[in-house]
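Engineer:
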Amino acid sequence: MTRIIKHSSKEPSIEQSILFQIALLANGKSVVRISHYSGVLTTSSSTFARNGRSGTFYFEAIEVTPKRTGNYTFTSNSTIDNYGYLYTNPFNPLNTTSNILTHADDNENETSDQFSLTCALQADTSYTLVFTTFDPELTGPFSVVAVGPSRISLRRLSILSTFSIATTFKTPAIIVASNYSSALDMNSSMFTRNGRSGTFYFEAIAVTPKRTGNYTFKSYSTIDSYGYLYTNPFDPLNTTYNLLTHADDNEDGTSDQFSLTCILQAGTSYTLIFTTFDAGVTGLFSVVAVGPGR
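Taking this note's numbering, the leading residue of the sequence shown gets 5, the next gets one more, and so forth.
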């Protein structure tokens, strides 16, 4: 039985748009499945610079894995004027045009500031759907509904936050890097630290120096923190793999903030892990890098 939606002079609601997509896809011939995802953008969310727009944009990356091959439509619902991107993997927040399949600002007939995008997806293949905002620095709750020939696995992805070492001032002896600030919360990635019981929240930070030399990373937080530095790739299931160095307290043990120093190669990407000494702890933190170059 096909549900009929009466025409109205009013702007169609999100629910009406979804039902319309169902009618188009089903067309009386096949079963249509609906999958739902809810999230929230906060000041702790990942950020990127959107292509062609100035400012910094919060985003959430969602792993999409369909069970059947076919056309799938993703429709957003939020009080935020939002923007959607769909990528084949991997998604690179430093290059938002790489691996892009499709993107959308408004719905198909531009009667809503909620995005609606449709794409043919392959069964058991993982894609990345990115929910972000039309204007920079906006936050708020949102949901995404997926309509297609099968249910879709929708899972929040933890994207490496990117920390570019940038000079703020220079003396004959040192260069002080710009400050990186973030927060651990209950939505942060988790791992089990080697030799410790319990589950620990962590943030992975991509570090790429411009010059070869010694770099020091220092944490600043009310949290008793712990730092790890890795060559890539970092494996949260094996925290000793590719480990370069790690630290609990500073050099003389007078602070519960970590300080770690390592020789890094120019143009090589590393992963710095900020985590906590005790399990299950959340809170704000900053990291400062000191070294010979940008």
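We treat Cβ as the ideally placed atom computed from N, Cα and C, and that holds for glycine.
Since we're looking at a predicted model, the values are computed, not measured.
For H107, collect the residues of the same chain with a Cβ closer than 6 Å to its Cβ; drop the 5 residues on either side in sequence, then sort them by chain order.
Structural biologist: Along the sequence shown, read from residue 1 onward, the residue named residue 107 stands at position 103. Around H107: Y89.
Engineer: Can you tell me the Cβ-Cβ gap for R197 and T249, rounded? I've got them flagged as a contact below 8 Å.
Structural biologist: In the sequence shown, residue 197 corresponds to position 193, counting from 1. In the sequence shown, residue 249 corresponds to position 245, counting from 1. At roughly 15 Å, the Cβ-Cβ gap does not stay under 8 Å, so R197 and T249 are not in contact.
Engineer: Do N103 and P97 have their beta-carbon atoms positioned less than 9 Å apart in this structure?
Structural biologist: As a position in the sequence shown, residue 97 is number 93, starting the count at 1. As a position in the sequence shown, residue 103 is number 99, starting the count at 1. Not in contact: P97 and N103 (Cβ atoms no closer than 9 Å).
Engineer: Applying the 10 Å Cβ sphere with the 16-neighbour rule, what's the burial state of E64?
Structural biologist: If you number the sequence shown from 1, residue 64 lands on position 60. Flag for E64 reads buried.
Engineer: Looking at the ligand SAM, does it come within less than 8 Å of T286, judged from the CB to the closest heavy atom?
Structural biologist: As far as ligands go, the structure on display features none, and thus does not contain the ligand SAM.
Engineer: Rounded to the nearest angstrom, what separates A170 and L133 at their Cα positions?
Structural biologist: The residue labelled residue 170 in the question sits at position 166 within the sequence shown. The residue labelled residue 133 in the question sits at position 129 within the sequence shown. Confidence in A170 is poor, its pLDDT being 42 and thus under 50, which makes the residue's placement unreliable; the coordinate value appears in the next sentence. Each residue's Cα considered, the two are about 30 Å apart.
Engineer: Quick one: what's L158 bridged to in DSSP?
Structural biologist: Position 154 of the sequence shown, counted from the start, is the residue given in the question as residue 158. Its beta-bridge partners are V68.
Engineer: Check S165 in the structure and name its three-state DSSP category.
Structural biologist: Taking the first residue of the sequence shown as position 1, residue 165 is located at position 161. Residue confidence for S165 is low, a pLDDT of 49 falling below 50, so the modelled location carries little weight and cannot support an answer.
Engineer: Alpha carbon to alpha carbon, what distance is there between G271 and T83?
Structural biologist: Counted from its first residue, the sequence shown places residue 83 at position 79. Counted from its first residue, the sequence shown places residue 271 at position 267. Distance between the alpha carbons of T83 and G271: 41 Å.
Engineer: Output the distance between the C-alpha atoms of G152 and D85, rounded to the nearest integer angstrom.
Structural biologist: By one-based count along the sequence shown, residue 152 stands at place 148. By one-based count along the sequence shown, residue 85 stands at place 81. The alpha-carbon atoms of G152 and D85 are separated by roughly 24 Å.
Engineer: Contact defined as beta carbons within less than 8 Å: I believe Y205 pairs with T286. What is the distance between those atoms, to the nearest angstrom?
Structural biologist: Here residue 205 refers to the residue found at position 201 of the sequence shown. Here residue 286 refers to the residue found at position 282 of the sequence shown. Yes, they are in contact, since the Cβ atoms of Y205 and T286 sit about 6 Å apart, within 8 Å.
Engineer: Tell me whether G295 sits in a helix, a strand or coil according to DSSP, three-state version.
Structural biologist: Position 291 of the sequence shown, counted from the first residue, corresponds to residue 295. DSSP places G295 in strand when its eight states are reduced to three.
Engineer: Can you find the residues in the same chain that come closer than 8 Å, C-beta to C-beta, to L247, ignoring five residues on each side of it along the sequence?
Structural biologist: The residue labelled residue 247 in the question sits at position 243 within the sequence shown. So the qualifying residues of the chain are Y232, L233 and Y234.
Engineer: Does DSSP classify V149 as helix, strand or coil?
Structural biologist: In the sequence shown, counting from the first residue as 1, residue 149 sits at position 145. Strand.
Engineer: Our contact map puts F146 next to F138 with C-beta atoms below 8 Å; I'd like the distance itself, whole angstroms only.
Structural biologist: Taking the sequence shown and counting its residues from 1, one reaches residue 146 at position 142. Taking the sequence shown and counting its residues from 1, one reaches residue 138 at position 134. About 12 Å; that fails the 8 Å criterion.
Engineer: Quick check for students: name the residue ranges of the alpha helix (DSSP H) that lie wholly in the stretch 221-261, counting only runs of 4 or more.
Structural biologist: none
Engineer: Note down the Cα distance separating V245 from L276, rounded to an integer number of angstroms.
Structural biologist: Taking the sequence shown and counting its residues from 1, the one referred to as residue 245 is at position 241. Taking the sequence shown and counting its residues from 1, the one referred to as residue 276 is at position 272. A quick correction: the sequence has Tyr, not Val, at residue 245. About 13 Å.
Engineer: For E4, which three-state DSSP category applies?
Structural biologist: Here the chain comprises residues numbered 5 to 298, so residue 4 is not present and cannot be evaluated.
Engineer: Does DSSP classify T143 as helix, strand or coil?
Structural biologist: Numbered from its first residue, the sequence shown carries residue 143 at position 139. Residue state, collapsed to three classes: coil.
Engineer: Report yes if the CB atom of L161 is closer than 9 Å to the CB atom of V148, and no otherwise.
Structural biologist: Here residue 161 refers to the residue found at position 157 of the sequence shown. Here residue 148 refers to the residue found at position 144 of the sequence shown. Cβ distance not < 9 Å, so L161 and V148 don't count as in contact.
Engineer: Give me the Cα-Cα distance between T122 and Y76, rounded to the nearest whole angstrom.
Structural biologist: Counted from its first residue, the sequence shown places residue 122 at position 118. Counted from its first residue, the sequence shown places residue 76 at position 72. Spanning the two alpha carbons is a distance of roughly 6 Å.
Engineer: Which residue from R200, Y230 and S80 puts its Cα closest to that of K222?
Structural biologist: Start at 1 with the first residue of the sequence shown, and residue 222 comes out as number 218. The shortest Cα separation from K222 among R200, Y230 and S80 belongs to Y230.
Engineer: Quick check: what's the CA-CA separation for P176 versus S273?
Structural biologist: What you label residue 176 is simply residue 172 of the sequence shown in a count that begins at 1. What you label residue 273 is simply residue 269 of the sequence shown in a count that begins at 1. With a pLDDT of only 40 at P176, under 50, the local geometry of the prediction cannot be trusted, and no value is derived from it.
Engineer: Within this structure, are the beta carbons of S49 and Y62 separated by less than 9 Å?
Structural biologist: Here residue 49 refers to the residue found at position 45 when the sequence shown is read from its first residue. Here residue 62 refers to the residue found at position 58 when the sequence shown is read from its first residue. It is a contact, given that the beta carbons lie within the stated cut-off.
Engineer: Helix or strand or just coil, what does DSSP make of N86?
Structural biologist: Reading the sequence shown from its first residue, position 82 is the one you call residue 86. If DSSP states are grouped into helix, strand and coil, N86 belongs with the strands.
Engineer: At the level of alpha carbons, what is the spacing between T129 and D109?
Structural biologist: Along the sequence shown, one-based indexing puts residue 129 at 125. Along the sequence shown, one-based indexing puts residue 109 at 105. Those two C-alpha atoms are separated by around 25 Å.
Engineer: Between which two residues does the beta strand (DSSP E) carrying R37 extend?
Structural biologist: Here the question's residue 37 lines up with position 33 in the sequence shown. Taken as a continuous stretch (DSSP letters only), the beta strand (DSSP E) holding R37 covers R37 to L45.
Engineer: Please determine, among P140, F119 and V68, the residue with the shortest C-alpha to C-alpha distance to L125.
Structural biologist: Translated into positions along the sequence shown, residue 125 becomes position 121. Per the Cα distances, V68.
Engineer: Using only alpha-carbon positions, find the residue among F195, S201 and P296 that is nearest to C266.
Structural biologist: Along the sequence shown, one-based indexing puts residue 266 at 262. The option with the nearest alpha carbon to C266 is P296.
Engineer: For F281 versus L241, is the C-beta distance shorter than 9 Å?
Structural biologist: Residue 281 sits at position 277 when you count from the first residue of the sequence shown. Residue 241 sits at position 237 when you count from the first residue of the sequence shown. No, the Cβ-Cβ distance between F281 and L241 is not below 9 Å.
Engineer: Please state if the CB of V294 and the CB of T220 are separated by a distance shorter than 9 Å.
Structural biologist: Within the sequence shown, the letter at position 216 stands for residue 220. Within the sequence shown, the letter at position 290 stands for residue 294. The answer is yes: Cβ separation under 9 Å.
Engineer: Which same chain residues end up closer than 8 Å to S201 when comparing Cβ atoms and leaving out the 5 residues on each side of it in sequence?
Structural biologist: Position 197 of the sequence shown, counting from 1, holds the residue named residue 201. Around S201: A283.
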